[in-house]
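Using the working numbering, you'd call the opening residue of the sequence shown number 2 and step up by one each time.
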Amino acid sequence: MIAVYCAIKHFRHTVEVRDFILFTDHMPLTYALHTNSDCHSPRKCRHLDYISQFKRDLLHVKGESNYVADALSRIQVKAVTLPVFDLPPMTVAQVNDPSCTGAQHSTPLQCREVPLATSSATILCDISNGLSRSIIPFACRRLVFDALHTPSHPCLE
2 MIAVYCAIKH FRHTVEVRDF ILFTDHMPLT YALHTNSDCH SPRKCRHLDY ISQFKRDLLH
62 VKGESNYVAD ALSRIQVKAV TLPVFDLPPM TVAQVNDPSC TGAQHSTPLQ CREVPLATSS
122 ATILCDISNG LSRSIIPFAC RRLVFDALHT PSHPCLE
């Protein structure tokens, strides 16, 4: 229901002046507009009231038959792949970075050399919580941050 409410609110300028058909795979929403508002929360009542200002009838489409919504909601796998950064150069940077070499001796981290699957090199990892977490050298931090953080904000530059 939130999606329908937000879509109508976003496209209000378009839907105010046109007749349109609202297809949904959410069966309870189709009944909610025709039931007593006493059984809904205040927020749900406000949303239903707003939706009903534009559309009194909603058409239910089974989820597997709703091809448009299905296509829009499924991101292609290659669209979410992360940029690749080379681990062997990171291992070299770990050796030259004092924060990485100091992490082995002066912190409570349990640092171990973990072999890379793609080469004969090893990478320094913290294994104190049972998972191998790479120690990122200072020179590589921006690259790793951008590779992992930027996909969350695809439109920002």
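Here a beta-carbon is modelled for each residue, glycine too, at the ideal position from N, C-alpha and C.
For Val93 and Ile136, the gap between their C-alpha atoms comes out near 12 Å. Burial of Asp127 is indicated by the presence of at least 16 other C-beta atoms within 10 angstroms of its C-beta. Around the Cβ of Cys40, a 10 Å sphere holds fewer than 16 other Cβ atoms; the residue is exposed. Around the beta carbon of Gln95, 16 or more other beta carbons sit within 10 angstroms, so the residue counts as buried. When secondary structure is reduced to three states using DSSP, Ser100 falls in the helix class. Excluding sequence positions up to five before and after Val115, its CB lies within less than 7 Å of the CB of Thr123, Ile124, Cys126, Ser133, all in the same chain and listed in chain order.
Residue pairing by DSSP places His61 opposite Thr25 in a beta bridge.
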